[in-house]
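S.K.: After the structure tokens below, expect a handful of questions from me.
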Amino acid sequence: MTTLRHVTSINDLANEEVDRVFDLARRFLAELGDTRLKGRARGRRTSQRIGRSAHTGAGSILANLFYEPSTRTRLSFESAMLRLGGGTITSADPASSSAAKGESLADTVRVVSSYADAIVIRHPRDGAAKLAAEYASVPVINGGDGAHEHPTQTLCDLFTLSREKNKLKNLNVVISGDLRGSRTIHSFVYALARFGANIMLMPGAKGMELPAHVDWRLRNEFHCRPVPKEKYARESAVDAAYVTADEPHQLSLMASPEMEFDVKLKKGVDVVYVTRFQKERWADQKQDYMKVDTNFLKDKRYKRSSVLHPLPRVGELDIALDKNRRAAYFQQASYGVPVRMALISMLLDFDADHALEKFESGFRAGKYAIYEQPRKIGIKCANPNCIVHDPQEGAYTANRFQFIASEEPRLRCFYCETDIENFLAGHRRWRHYEAADAGLAAPGTKRLKDVIFFADAAEAKAAGYSPGRSAAKAANA
Amino acid sequence: MTTLRHVTSINDLANEEVDRVFDLARRFLAELGDTRLKGRARGRRTSQRIGRSAHTGAGSILANLFYEPSTRTRLSFESAMLRLGGGTITSADPASSSAAKGESLADTVRVVSSYADAIVIRHPRDGAAKLAAEYASVPVINGGDGAHEHPTQTLCDLFTLSREKNKLKNLNVVISGDLRGSRTIHSFVYALARFGANIMLMPGAKGMELPAHVDWRLRNEFHCRPVPKEKYARESAVDAAYVTADEPHQLSLMASPEMEFDVKLKKGVDVVYVTRFQKERWADQKQDYMKVDTNFLKDKRYKRSSVLHPLPRVGELDIALDKNRRAAYFQQASYGVPVRMALISMLLDFDADHALEKFESGFRAGKYAIYEQPRKIGIKCANPNCIVHDPQEGAYTANRFQFIASEEPRLRCFYCETDIENFLAGHRRWRHYEAADAGLAAPGTKRLKDVIFFADAAEAKAAGYSPGRSAAKAANA
Amino acid sequence: MTTLRHVTSINDLANEEVDRVFDLARRFLAELGDTRLKGRARGRRTSQRIGRSAHTGAGSILANLFYEPSTRTRLSFESAMLRLGGGTITSADPASSSAAKGESLADTVRVVSSYADAIVIRHPRDGAAKLAAEYASVPVINGGDGAHEHPTQTLCDLFTLSREKNKLKNLNVVISGDLRGSRTIHSFVYALARFGANIMLMPGAKGMELPAHVDWRLRNEFHCRPVPKEKYARESAVDAAYVTADEPHQLSLMASPEMEFDVKLKKGVDVVYVTRFQKERWADQKQDYMKVDTNFLKDKRYKRSSVLHPLPRVGELDIALDKNRRAAYFQQASYGVPVRMALISMLLDFDADHALEKFESGFRAGKYAIYEQPRKIGIKCANPNCIVHDPQEGAYTANRFQFIASEEPRLRCFYCETDIENFLAGHRRWRHYEAADAGLAAPGTKRLKDVIFFADAAEAKAAGYSPGRSAAKAANA
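Protein chains in written order, with the working numbering: chain B, 190 to 666; chain A, 190 to 666; chain L, 190 to 666.
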């Protein structure tokens with residue numbers, strides 16, 4: 190049986206699928222003409238453009254549901270679909286859509302599924318794309334959901350790196366800016382880790398570090414090895430660094446992260462990735478945000494760095510760099526169309542050689558057991574901006590988590606992928622609770638079905654559960 | 190001579206034309222693939238989709254002028270035109286259109302007529318579509334005008350019934366919700382009556398009964414026979430019920446409505462049609478609005494009912510029903526595209542076999558005499574939300590009415606179709622007034638041209654008219 | 190080498206190019222069918238419409254970036270591109286675009302250049318189109334920038350005149366309304382002068398006269414000869430009048446403007462061009478704005494006048510004129526699509542015979558020397574609404590001017606084309622300043638590079654410059 194594929198996270202695509210997106214994107218790029226060519230010369234190309242690709246999408250429709258401001262993402266998706274010969278239908282403004290009448294996202298995507306062949310969604314809430322995918326009957330592409338992920342931006346970023354640097358493996362990448370609020374960065378670091386790049390994080394200001402759950406996933410799911418802080422203490426702006434083992438399955442044979450970091454940094458920084466302050470994700474206004482300019486780049490380790498930025502910029506990237514040979518951000522933006530053409534083509538089977546595989550989902554699928562909880566009681570997603578807490582969507586979302594059976598077990602929200610640590614498991618039958626332990630998801634057992642998780646003892650008690658033996662002991666200690 | 194056809198009311202289409210819309214919609218539906226098929230299997234169908242229909246509309250343009258929020262209607266019209274191979278131009282937001290500069294609808298549609306081959310209009314004012322049709326030089330389709338009508342929604346609703354129930358005649362239909370504010374219901378009840386269904390009305394709350402003029406039309410123009418209230422008193426929620434005679438021309442031979450109601454209700458309710466509270470049409474907020482849920486449907490008479498809803502819903506239709514076999518509302522929504530494809534095709538002559546007839550207008554045209562009044566004096570439309578009372582449109586609208594020569598004569602606003610009863614007729618020559626009487630529109634006479642109608646004696650006197658003999662007698666009585 | 194062509198001003202097109210736009214527009218108009226034909230007859234034409242033109246633009250994309258409300262201009266551009274077989278991507282609402290995130294226009298157009306083959310821009314700031322053109326790598330079309338220009342409206346206006354009057358030369362044109370705030374009028378008067386029409390200006394209210402720099406250009410750059418005021422004093426509403434010499438190169442051989450005016454006005458006014466009060470360009474509300482109605486037109490000199498209006502209207506043009514044979518404004522609106530089809534075709538080389546010439550720019554290019562000034566000191570554009578004063582765009586604009594070496598030299602802002610008179614030139618080397626003189630731009634010299642211009646003595650002194658000999662003398666006088 191075939192399975193409907195969505196791209197709600199960069200991790201919905203396997204590495205080989207990302208490679209195939211790029212193969213196809215290169216072909217489209219060649220057909221569109223190199224964007225470095227200017228003006229009239231491009232105009233002439235028009236008639237040739239109506240070549241192989243321009244009708245592959247004819248008769249197909251892409252729906253764009255944007256619940257947040259966007260120019261770049263929306264217009265590049267629309268351009269991509271038009272270049273493929275298809276059509277687009279767009280809702281760009283929440284105030285003039287049925288959301289203004291109080292309609293839920295779940296209802297909207299079910300209906301729009303019968304108007305279009307694929308849906309792009311942008312939404313202010315983390316996890317909204319996953320909710321949309323749950324209810325859609327056509328492929329859903331995440332065009333940015335809250336502070337969660339922005340996978341197609343990451344595809345463009347990776348494609349730029351693959352063109353600028355001819356490889357992804359072993360690249361040294363500095364990522365700077367609002368690491369907490371930028372969905373773009375969250376998708377990007379996962380992808381860098383998966384493709385074997387080394388990552389140095391440079392928060393734009395205090396409090397803008399990478400979220401704890403993203404850091405945890407880098408280390409525990411994506412084979413990143415953190416470099417001890419002393420190693421890069423001289424770099425005042427660097428907050429964390431990871432090296433990615435060359436061969437994940439040979440991790441134990443490898444040198445220490447420190448040694449690797451030394452070796453690898455000798456060749457300098459390959460990429461500086463800058464992002465703006467995500468003012469819409471912060472309650473308070475920024476104070477001192479970093480600025481990348483000629484001064485920043487004069488350190489010799491940036492000599493061959495490509496500077497990337499997902500744009501828009503609002504001051505953190507000096508316009509004096511625009512003509513600098515290291516500036517790659519407009520080139521990066523120009524790949525938005527061919528890369529999205531490729532992804533759409535593959536999702537919609539326009540190209541027999543490049544369709545997405547029909548397995549369950551992308552890179553990480555099926556790894557963790559799913560915990561689904563009765564609606565009224567028990568633990569809730571800890572992220573207040575998660576789609577499950579949206580009053581309009583509440584009725585359509587479940588308290589559903591992935592149960593991660595690590596030593597300290599974790600619950601990962603099915604929608605926004607934020608983790609909860611330190612929670613309690615109440616046994617439904619005996620109505621007592623204990624600290625959650627990894628054994629609950631042991632293969633062959635079905636114990637996850639027997640428990641309800643609680644955030645803390647107060648919650649458990651309110652639900653009529655009493656402490657089990659070890660919980661009582663812990664309380665007394 | 191050929192006549193430009195518009196669809197401002199469901200009554201602009203004759204029954205046979207509705208049937209032809211459905212024939213064509215069925216063909217499009219087959220080409221699009223049954224929407225019950227999910228995901229990739231649909232994707233594959235893309236290449237076949239570019240079959241017979243996909244180029245019939247090539248080179249044609251549909252303009253969408255939306256002065257009120259919409260996702261569903263606008264996107265489904267756009268999708269329909271794109272599936273036909275045509276293009277769309279859209280103004281979805283009054284604030285970013287020339288209406289913000291103070292342009293009238295009349296001017297806008299005259300100009301947009303030269304940009305597009307047909308115009309869909311949605312507007313907060315009752316009768317706006319009719320005004321647009323008066324000034325457009327291309328077909329105008331009403332996408333919902335105030336609380337007046339929403340004929341294409343009704344086409345989708347009827348099409349759903351014809352697929353779910355295989356017929357329209359003799360269906361027992363319960364209609365619930367905001368019967369006063371819902372334009373969807375107004376178009377729907379006319380259509381049900383015309384196709385011979387029986388109607389039970391269940392207002393969502395007090396004050397939400399069907400408007401008096403709609404009720405009058407059902408009884409007097411569409412052969413509906415009201416069932417005496419005692420008959421359904423046990424149904425506390427039912428406010429009014431009508432049976433439609435099987436053969437309108439044999440009305441006198443038929444049993445009484447009571448008897449028919451008994452016989453017909455034995456087979457149970459075929460359809461429950463639910464609508465949301467139309468908050469934008471009400472000054473005050475709702476108190477206790479009805480809710481259709483499993484509890485509501487457990488009565489055995491709903492055993493085989495299909496549940497329909499034009500969507501969006503905001504609480505009046507329990508999401509727990511979504512997986513119920515009786516839920517037909519997402520299926521209903523999925524017919525939006527093929528039905529609108531069919532209507533557009535027929536209006537624009539894309540299909541030689543299915544063009545709309547070239548007669549003056551639809552079901553009821555030309556029946557009543559038209560009364561047109563000098564702008565400054567006399568009676569005005571009684572509906573404060575009518576387009577004639579919009580300050581921006583005032584100059585472009587006339588005080589124009591259909592004169593309905595029933596025993597108690599009525600004036601029906603040409604735009605919003607709201608009726609006025611009990612008004613006075615002033616004789617222009619003798620400048621006296623009397624109660625209006627049916628004889629004014631007698632064939633062969635031209636007496637309508639000789640009179641000016643007034644709402645009441647005060648208005649007549651202010652205009653310099655004095656009571657005629659019978660008016661004076663009535664005043665003295 | 191080929192040069193990228195933009196249309197930011199009507200003067201970016203040479204007269205012969207305007208003629209070629211009209212040739213092509215006539216062909217498209219014939220293909221679309223005469224818009225005077227109504228309704229179904231037009232529908233039938235659909236299949237023929239997919240003739241020569243309908244696929245010339247296939248595969249091409251037009252981007253519409255609208256930072257100000259618009260229906261007419263945006264929809265007609267979109268319609269034009271669709272009729273050519275191309276596609277459109279549109280940002281119609283600043284609030285739902287990346288401008289809401291603080292992105293500059295310069296960044297936006299650079300990115301959108303890689304999404305589309307041409308860009309139409311509308312913006313509230315004067316000169317915004319020129320800024321966009323500076324950064325775009327595809328052709329930019331000005332869809333109206335502040336109170337500066339609206340060249341495609343002027344193309345439609347001229348095309349209407351050429352069809353209504355069969356010529357442009359020697360037409361007598363009355364232009365009424367908000368001559369100060371209407372960008373439409375600014376483009377229009379330049380074009381009228383260039384094509385040899387005579388112009389009478391009739392401001393809609395006090396303070397609405399043509400801006401001084403536009404008047405100066407008419408007289409000094411476009412060969413208009415002002416008629417002495419006594420000549421038309423009897424016409425209380427006329428504020429200024431110009432005759433255009435039949436043969437510019439024989440100016441000295443011609444009769445006086447007075448004599449010409451007499452002769453030319455004998456045939457009456459050919460065109461009355463009405464415009465609305467541009468409320469969005471004025472801080473204060475209008476008092477008594479003019480109204481063109483039957484009364485206005487009853488003067489016998491308007492007997493054969495065509496009445497034009499760019500629309501929307503808001504009261505200054507009586508709707509009672511709509512059915513008057515002289516009303517040409519809806520016809521004018523209907524030319525919006527074929528004229529824009531022609532312009533797009535030519536800019537994008539869709540038609541080998543009609544491409545724009547590959548010379549530097551249009552009518553006036555290269556005439557004046559360019560003065561570019563260090564950012565921090567010296568003179569600034571005197572127009573507070575110029576794009577250079579937009580806080581979001583400031584960093585991307587230069588203080589750049591054309592230096593007009595007339596007897597009294599002028600600086601013309603490179604972006605908004607507003608002139609500055611009476612300014613000072615500081616010599617960079619000797620750091621003293623004098624009144625600017627025409628000699629600075631003498632051919633062969635490079636003295637413009639040696640100076641910095643200042644608005645006044647205070648500004649020069651603040652920058653550390655002292656008065657030169659003649660400046661000192663003037664100060665003492």
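We put the CB at the ideal spot given by N, CA and C, even for glycine.
Looking at the secondary structure, which residues open and close the alpha helix (DSSP H) in which A:R406 lies?
M.R.: As a working mapping, residue 406 of chain A is identified with position 217 in the second sequence. Per DSSP, A:R406 belongs to the alpha helix (DSSP H) from 401–409.
S.K.: Quick check on the DSSP output: the alpha helix (DSSP H) that includes L:R216 runs from which residue to which?
M.R.: Working through the third sequence from its first residue, we reach residue 216 of chain L at position 27. First-last of the alpha helix (DSSP H) with L:R216: 204–221.
S.K.: Quick one: what does DSSP say B:N387 is sitting in, helix, strand or coil?
M.R.: Indexing the first sequence from 1 puts residue 387 of chain B at position 198. Note: B:N387 maps to strand in three-state DSSP.
S.K.: Since L:I508 meets chain A, which of its residues come closer than 9 angstroms, beta carbon to beta carbon?
M.R.: For the purposes of this step, residue 508 of chain L is taken as residue 319 along the third sequence, with counting starting at 1. Going along chain A in sequence order, the residues near L:I508 (Cβ under 9 angstroms) are S293, A295, D296, A584, Y585.
S.K.: Within 8 angstroms (strictly less), CB to CB, does B:S268 reach chain A?
M.R.: Reading the first sequence from its first residue, position 79 is the one you call residue 268 of chain B. So no, B:S268 is outside the interface.
S.K.: Grab me the residues of B:A646's own chain with a C-beta within less than 8 angstroms of its C-beta, minus the 5 sequence neighbours each way, in chain order.
M.R.: Working through the first sequence from its first residue, we reach residue 646 of chain B at position 457. Contacts found: L613, Y622, P656, A660, A664.
S.K.: Residues of chain A with a CB under 7 angstroms from the CB of B:A305: which are they?
M.R.: Counted from its first residue, the first sequence places residue 305 of chain B at position 116. When 7 angstroms is used as the limit between beta carbons, B:A305 is near these residues of chain A: S268, in chain order.
S.K.: So that I know if they touch, is there some Cβ in chain L lying closer than 8 angstroms to that of B:V526?
M.R.: Position 337 of the first sequence, counted from the first residue, corresponds to residue 526 of chain B. Yes - at least one Cβ of chain L is within 8 angstroms of the one on B:V526.
S.K.: If you reduce the DSSP assignment to three classes, tell me which class A:Y622 lands in.
M.R.: Here residue 622 of chain A is taken as the residue at index 433 of the second sequence, counted from 1. If DSSP states are grouped into helix, strand and coil, A:Y622 belongs with the strands.
S.K.: Among residues of its own chain, excluding the 5 on either side of L:A281, which ones have a beta-carbon nearer than 8 angstroms to its beta-carbon?
M.R.: In the third sequence, the residue the question calls residue 281 of chain L occupies position 92. Within the same chain, L:A281 has close Cβ partners N253, F255, S259, R263.
S.K.: Report the three-state DSSP secondary structure of L:T607 (helix, strand or coil).
M.R.: Indexing the third sequence from 1 puts residue 607 of chain L at position 418. Three-state DSSP puts L:T607 in coil, outside helix and strand.
S.K.: Using the Cβ count rule (16 or more neighbours within 10 Å means buried), how would you classify A:K638?
M.R.: As a position in the second sequence, residue 638 of chain A is number 449, starting the count at 1. When all chains shown are included, A:K638 counts as exposed.
S.K.: Would you call the stretch 507–525 of chain B in contact with the stretch 195–211 of chain B, where contact means no fewer than 3 C-beta pairs closer than 8 angstroms?
M.R.: no
S.K.: I need the straight-line Cα distance from A:G187 to B:V528, nearest angstrom please.
M.R.: Given that chain A is displayed from residue 190 to residue 666, the structure contains no residue 187 of chain A and the question cannot be resolved.
S.K.: Just to confirm the assignment, what range does the alpha helix (DSSP H) spanning L:D540 have?
M.R.: Counted from its first residue, the third sequence places residue 540 of chain L at position 351. Counting along the chain, L:D540 falls outside any alpha helix (DSSP H), and DSSP gives it neither H nor E.
S.K.: Is A:R490 helix, strand or coil by DSSP?
M.R.: Here residue 490 of chain A refers to the residue found at position 301 of the second sequence. If DSSP states are grouped into helix, strand and coil, A:R490 belongs with the helices.
S.K.: What is the DSSP secondary structure of A:C413, reduced to helix, strand or coil?
M.R.: Position 224 of the second sequence, counted from the first residue, corresponds to residue 413 of chain A. Three-state result, A:C413: strand.
S.K.: Any idea if B:E419 is buried or exposed, counting beta-carbon neighbours within 10 angstroms, 16 or more meaning buried?
M.R.: Within the first sequence, residue 419 of chain B is the residue found at index 230, counting from 1. Exposed: under 16 other Cβ atoms inside 10 Å.
S.K.: With a 10 Å radius around its C-beta and 16 neighbouring C-beta atoms as the bar for buried, classify L:P417 as buried or exposed.
M.R.: Here residue 417 of chain L refers to the residue found at position 228 when the third sequence is read from its first residue. So L:P417 ends up on the exposed side.
S.K.: Could you check if L:K669 is buried or exposed, using at least 16 other CB atoms within 10 Å of its CB as the buried criterion?
M.R.: Lying before the first or after the last residue shown, residue 669 of chain L is absent from chain L, which here runs from 190 to 666.
S.K.: Please tell me whether B:M308 has its Cβ less than 8 angstroms away from any Cβ of chain A.
M.R.: As a working mapping, residue 308 of chain B is identified with position 119 in the first sequence. As written in the sequence, residue 308 of chain B is Ile, which differs from the Met given in the question. Using beta-carbon distances, B:I308 does not count as an interface residue toward chain A, since no partner is under 8 angstroms.
S.K.: Please list the partners that B:V301 has in chain A, where partner means a Cβ-to-Cβ separation under 7 angstroms.
M.R.: Taking the first sequence and counting its residues from 1, the one referred to as residue 301 of chain B is at position 112. L264, listed in chain order.
S.K.: Please report the straight-line C-alpha distance between L:D482 and L:G385, rounded to a whole angstrom.
M.R.: Walking along the third sequence from the start, residue 482 of chain L turns up at place 293. Walking along the third sequence from the start, residue 385 of chain L turns up at place 196. Distance between the alpha carbons of L:D482 and L:G385: 28 angstroms.
S.K.: Taking 6 angstroms as the limit between beta carbons, can you name the residues of its chain near A:R233, skipping five residues before and five after?
M.R.: Within the second sequence, residue 233 of chain A is the residue found at index 44, counting from 1. No answer about A:R233 holds up, because its pLDDT of 41 lies below 50 and its placement is not dependable.
S.K.: Got a sec, what are the start and stop residues for the alpha helix (DSSP H) A:Y324 sits in?
M.R.: Here residue 324 of chain A refers to the residue found at position 135 when the second sequence is read from its first residue. Counting along the chain, the alpha helix (DSSP H) containing A:Y324 begins and ends at 317–324.
S.K.: Just how far apart, CA to CA, sit L:A295 and A:G274?
M.R.: In the third sequence, residue 295 of chain L corresponds to position 106, counting from 1. In the second sequence, residue 274 of chain A corresponds to position 85, counting from 1. Rounded to the nearest angstrom, the two C-alpha atoms are 35 angstroms apart.
S.K.: Comparing C-alpha positions only, which one of A:E648, A:K650, A:R599, A:A644 sits nearest to A:D626?
M.R.: Residue mapping note: residue 626 of chain A aligns to position 437 of the second sequence, counting from 1. The shortest Cα separation from A:D626 among A:E648, A:K650, A:R599, A:A644 belongs to A:R599.
S.K.: Going by alpha carbons, who is nearest to L:D608 out of L:E205, L:R261, L:V432, L:D315?
M.R.: Counting from one through the third sequence, the residue named residue 608 of chain L turns up at place 419. The shortest C-alpha separation from L:D608 is found at L:D315.
S.K.: Just checking: is the beta-carbon of A:P446 within a distance shorter than 8 angstroms of some beta-carbon in chain B?
M.R.: Start at 1 with the first residue of the second sequence, and residue 446 of chain A comes out as number 257. Not one chain B Cβ lies under 8 angstroms of A:P446.
S.K.: Give me the residue from A:V503, A:I568, A:Y560, A:L532 with the minimum Cα distance to A:L251.
M.R.: Indexing the second sequence from 1 puts residue 251 of chain A at position 62. Checking every option, the nearest Cα to that of A:L251 belongs to A:L532.
S.K.: Which residues bound the beta strand (DSSP E) around A:A646?
M.R.: Within the second sequence, numbered from 1, the residue matching residue 646 of chain A stands at position 457. Counting along the chain, A:A646 falls outside any beta strand (DSSP E), though it belongs to the alpha helix (DSSP H) covering 646–651.
S.K.: Among B:V461, B:V496, B:D334, B:R383, which one has its Cα closest to the Cα of B:G370?
M.R.: Here residue 370 of chain B corresponds to residue number 181 of the first sequence, with the count starting at 1. Looking at the Cα atoms, B:D334 is the closest of the given residues.
S.K.: Please classify L:M535 as buried or exposed, where buried requires at least 16 other C-beta atoms within 10 Å of its C-beta.
M.R.: As a first step, residue 535 of chain L is located in the third sequence; it is residue number 346 there, counting from the start. Buried: at least 16 other Cβ atoms inside 10 Å.
S.K.: A:F211 and A:M530 - do their beta-carbons sit closer together than 8 angstroms?
M.R.: To locate residue 530 of chain A, count along the second sequence from 1; it is residue 341. To locate residue 211 of chain A, count along the second sequence from 1; it is residue 22. In this structure, A:F211 does not lie closer than 8 angstroms to A:M530 by Cβ.
S.K.: Below 9 angstroms between beta carbons is the criterion; list the residues of the stretch 490–503 of chain B that meet it against any residue of chain L, in chain order.
M.R.: L500, P501, R502, V503
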